[in-house]
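Trainee:
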Amino acid sequence: MSPKEREYFSIVVENDGKIIHIRNIELNPFDFKIRKGERIDDIFPVFYGMFPFYKDELLMEKIVFDNYSGSIYLKNEYDRINIYFHSDNNEMDRIKNTVQRHNQNKLISKLKEKSEKFLTEDILKDLGFICLEKKDKDYILSGDIPQWFKNLFPFYNYSSVIFTPEDIFPFLEIFLPKAEDLFQTEENGYIVSGLWTQFNPDREEFVMRAIALNSSGRHYLLIESITERNPQKHNDLQRSRELLLKHQKLIRSEETIRQLLKYREEFISIISHDIKSPLSGAYSLIDFLKSDENFMKKFSAKEAHLFDVIHKNLKDVLDYSEQLYEWSHLNFSDIKLNKTDINLLSLLIDVATNFSDRLLKKKVSVEYDIAEDLTVFVDEVFFKNVIQNLFTNAVKFSYQHGVITIKATDNKDFITIKFSDNGTGMTKDVMKTLFDYSTKVSTKGTEGEKGTGIGLNIVKRILDVHNANIYVDSEPGKGTTFTIEIPKN
Amino acid sequence: MIKKKICVLGAFAVGKTSLIERYVNSVFSDKYHTTIGVKTDQKDVKSGDKDVRLIIWDINGEDDYQKVKPSYLTGASGALIIADGTRKDSLAVAMEMMELIKTTIGEKPFFLLINKSDLRQDWEITREEIEDLKDNKINILITSAKTGDNVEKAFTELTGSIIENDL
Chain A
236 MSPKEREYFS
246 IVVENDGKII
256 HIRNIELNPF
266 DFKIRKGERI
276 DDIFPVFYGM
286 FPFYKDELLM
296 EKIVFDNYSG
306 SIYLKNEYDR
316 INIYFHSDNN
326 EMDRIKNTVQ
336 RHNQNKLISK
346 LKEKSEKFLT
356 EDILKDLGFI
366 CLEKKDKDYI
376 LSGDIPQWFK
386 NLFPFYNYSS
396 VIFTPEDIFP
406 FLEIFLPKAE
416 DLFQTEENGY
426 IVSGLWTQFN
436 PDREEFVMRA
446 IALNSSGRHY
456 LLIESITERN
466 PQKHNDLQRS
476 RELLLKHQKL
486 IRSEETIRQL
496 LKYREEFISI
506 ISHDIKSPLS
516 GAYSLIDFLK
526 SDENFMKKFS
536 AKEAHLFDVI
546 HKNLKDVLDY
556 SEQLYEWSHL
566 NFSDIKLNKT
576 DINLLSLLID
586 VATNFSDRLL
596 KKKVSVEYDI
606 AEDLTVFVDE
616 VFFKNVIQNL
626 FTNAVKFSYQ
636 HGVITIKATD
646 NKDFITIKFS
656 DNGTGMTKDV
666 MKTLFDYSTK
676 VSTKGTEGEK
686 GTGIGLNIVK
696 RILDVHNANI
706 YVDSEPGKGT
716 TFTIEIPKN
Chain B
9 MIKKKICVLG
19 AFAVGKTSLI
29 ERYVNSVFSD
39 KYHTTIGVKT
49 DQKDVKSGDK
59 DVRLIIWDIN
69 GEDDYQKVKP
79 SYLTGASGAL
89 IIADGTRKDS
99 LAVAMEMMEL
109 IKTTIGEKPF
119 FLLINKSDLR
129 QDWEITREEI
139 EDLKDNKINI
149 LITSAKTGDN
159 VEKAFTELTG
169 SIIENDL
């Protein structure tokens, strides 16, 4: 139903359900007056519990109460709710008008003899109804058989004009008693059934409804197929339910993913933690033995070299398990930052000291372009980890005699730090997945240094929780610059 | 031939129409197609020595947009109430339908079908919940309109219970 296309009787209410306006009063389908100021759910219990109305719109189809039968459409416009009533009575008006038109035509053409039947075959053909007139206890077929009935029952035996409606249409079993009640009244009037669907032998669906009609002392049961007119309403309901199903499925998927991620991080955390102690013990033992000159003298140069290899490999695995442990703990919904103003230059020099061996080995120099009093408002422990990872990266991909430049500028709302090296650089494809933890690719350094592949993901996670940004700019063969923007507050 | 009306009820998209399609025509489609109002179908079966014509009423799924009209249940000899194993909320609707049956047509035979057993890995309704329902003397069958599991059995057992109830 589109309220814009046609005029309907409508009531405008405030979000709490208080009536503030009534439109098209002349189309009021109810036999009582509706007044402003009253609550809509006091008048129509069907709306009970719906206000305040939080939805944008709602279509309620096939609503039946009191003498009303039809659809109700609620449209929320800036907290004023327009309620449109689309009564099935409109359909009856259509029938009445057609009958009226034909009867008038008859009068005009001076066909004065009283017709045997109130509804002529012409009229029935126009309306697409199968019309059964109730006479005594029987329903007698009146008029032509519409095409849809022939399609629905291609093998129907038309030898008798007496019909047993509920045998043909089982749904009518519940409607006919109501129709009988109407026929007993002898007053002009009608009732409309709900919709039902039946299949023909080819499993084609036919959507139908029935109307029981008292007219001038005659009793009719009219049945029509609304298969052609039904799709729009059907599609609306179909679409809303499909969306609801998708929505429910997404919620379930989200929950499953959340649980899986939690499980994975807990699993990694436990494994990396538990493996750290024995690894650390083994590494310390080898370290101790290596430092014992008397002990080492017992071995040949080749055997001593094997000690070095074991020592180095143990260190790599230990570093990796520490990184993993750290990574698995960076679940930022739980993390609590302890932010303070940290002198940036001091922190950088402090971290660089830890890299002195590696810097010396590659003869890489570090240049700072940072004001001595410049501070950053960060969690020192986490931010140190960021700088360590950037140093690890810069040294790893620097050639001999390379230069690492760290420049920081104080902007209005944030501090910008540029961390550059003139090393190997990287391709655009590598840059695209650099911070993505799902693609853990580790590239070897200029002297075969290995990495874990998760260092930059840790950097990104830490900076995210600081509401800081990180960008990368790189060119193969020329070097890489990481730019970090840290908010001042 | 005796005629028996059975109603198939439940939340929307639990597979009511698919179960009937599977039973009446031995076909299944994965596509969800909402039912408006009532779909009536029929199947002639034999229950013991009796020929029975089942008039199956596939009643629109219950949700905020469509409510089951109690009058649709009038004259029913029994019912199948369907829940979707992958949607826990559909079990709550099934419980409401059970109450509706009791208040509308009284103590008539019914079976609760937990449908979509082919998607068992996605089920939200737990084994414990099903056992609890069984403890409450509710006839339960686990079905799949897709594979046909227990579909024939559900209709056959319901028909048997209806005939027995008549005696």
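Residue numbers (the numbering used here), protein chains in the order written: chain A, 236 to 724; chain B, 9 to 175. We treat Cβ as the ideally placed atom computed from N, Cα and C, and that holds for glycine.
1) State the Cα-Cα distance for the pair A/E602 and A/N724, rounded to the nearest angstrom.
2) Where does A/F441 sit, in a helix, a strand or coil, going by DSSP?
3) Near A/G712, what residues of its chain come up, given a Cβ to Cβ distance below 8 Å and the 5 sequence neighbours on each side ignored?
4) Along chain A, which residues have their Cβ under 7 Å away from the Cβ of B/A21?
5) In three-state DSSP terms, what is A/T491?
6) Beta carbon of A/I365, beta carbon of A/P381: below 8 Å?
7) Going along chain B in order, which residues have a C-beta closer than 7 Å to the C-beta of A/F406?
8) Would you check if the stretch 38-58 of chain B and the stretch 108-121 of chain B touch, i.e. whether three or more CB-CB distances between them fall below 8 Å?
9) Can you list, in chain order, the residues of its chain whose CB lies under 8 Å from that of B/I148, leaving out five sequence neighbours each side?
10) Going by C-alpha to C-alpha distance, which of A/D251, A/Y243, A/D645 and A/A629 sits closest to A/Y289?
11) Starting from A/F364, trace the beta strand (DSSP E) in both directions and tell me its first and last residue.
12) Using a C-beta to C-beta distance shorter than 8 Å, which residues of chain B count as neighbours of A/L430?
13) Between the stretch 15-35 of chain B and the stretch 64-71 of chain B, can you find at least three pairs of beta-carbon atoms closer than 8 Å?
14) I need the DSSP call for B/S55, collapsed to helix, strand or coil.
15) So which residues on chain B does A/I409 lean against when the C-beta distance must stay under 8 Å?
16) Could you work out which residues of chain A lie near B/N33, taking near to mean beta carbons separated by less than 8 Å?
17) Mind the definition here: the stretch 543-550 of chain A touches the stretch 501-519 of chain A only if three or more C-beta pairs lie below 8 Å; say whether that holds.
18) Counting contacts by CB-CB distance shorter than 8 Å, is A/V442 in contact with chain B?
19) In chain A, what lies closer than 8 Å to B/N61 by C-beta?
20) What does DSSP give as the partner residues of B/F119 in its beta bridges?
21) Excluding sequence positions up to five away, which residues of its chain have a Cβ less than 7 Å from the Cβ of A/T627?
22) Quick one: what does DSSP say A/V601 is sitting in, helix, strand or coil?
23) Can you have a look at A/P405 and say buried or exposed, based on whether 16 or more other CB atoms are within 10 angstroms of its CB?
24) Tell me the DSSP bridge mates of A/E720?
25) Output yes or no for whether 8 Å exceeds the beta carbon distance between A/L430 and B/G45.
26) Quick one: does B/R128 have its CB under 8 Å from some CB of chain A?
27) Could you tell me the alpha carbon to alpha carbon distance between A/L527 and A/L609, rounded to whole angstroms?
28) Using the three-state DSSP reduction, which class does A/F353 fall into: helix, strand or coil?
29) With DSSP run on the structure shown, which of helix, strand or coil describes A/D373?
30) Quick test of your reading: A/K597 and A/V621, contact by CB under 8 Å. State the CB separation rounded to the nearest angstrom.
31) Assuming contact is defined by CB atoms lying nearer than 8 Å, are B/A153 and B/L62 in contact in what I supplied?
32) Taking a contact to mean a Cβ-Cβ separation below 8 Å, would you say A/N263 touches A/Y243 in this structure?
33) Can you list, in chain order, the residues of its chain whose CB lies under 7 Å from that of B/D126, leaving out five sequence neighbours each side?
Mentor: On the basis of the coordinates in this document:
1) For A/E602 and A/N724, the distance between alpha carbons rounds to 28 Å.
2) strand
3) T659 and G660
4) Against B/A21, the close residues of chain A are R476 and L480, in the order they occur along the chain (beta-carbon pairs closer than 7 Å).
5) A/T491: helix per DSSP, three-state reduction.
6) Taking 8 Å as the cut-off, the Cβ atoms of A/I365 and A/P381 count as close.
7) V46 and T48
8) no
9) F119, L120, L121, I122, I138, L141 and K142
10) When each option's Cα is compared against that of A/Y289, the closest is A/D251.
11) F364 to K370
12) I44, G45 and V46
13) Touching, yes.
14) Residue state, collapsed to three classes: strand.
15) S79, Y80, T82 and G83
16) R438
17) With a cut-off of 8 Å, the stretch 501-519 of chain A and the stretch 543-550 of chain A count as touching, because enough Cβ pairs lie within range.
18) yes
19) The question names Asn, but residue 61 of chain B is Arg in the sequence shown. Under the 8 Å cutoff, chain A gives no residues; its nearest Cβ is about 10 Å from B/R61.
20) Partner(s): B/L88.
21) G690
22) strand
23) The residue in question, A/P405, is buried, as its Cβ has 16 or more Cβ neighbours within 10 Å.
24) A/T651 and A/N704
25) yes
26) no
27) It is Asp, not Leu, that sits at residue 527 of chain A in the sequence shown. Roughly 45 Å between the two C-alpha positions.
28) Here A/F353 scores only 47 on pLDDT, less than 50, and its place in the model should not be relied on; the value that follows carries that caveat. Coil.
29) DSSP, reduced to helix, strand and coil, places A/D373 within a strand of the structure shown.
30) About 22 Å; that fails the 8 Å criterion.
31) no
32) no
33) S152, K154 and T155
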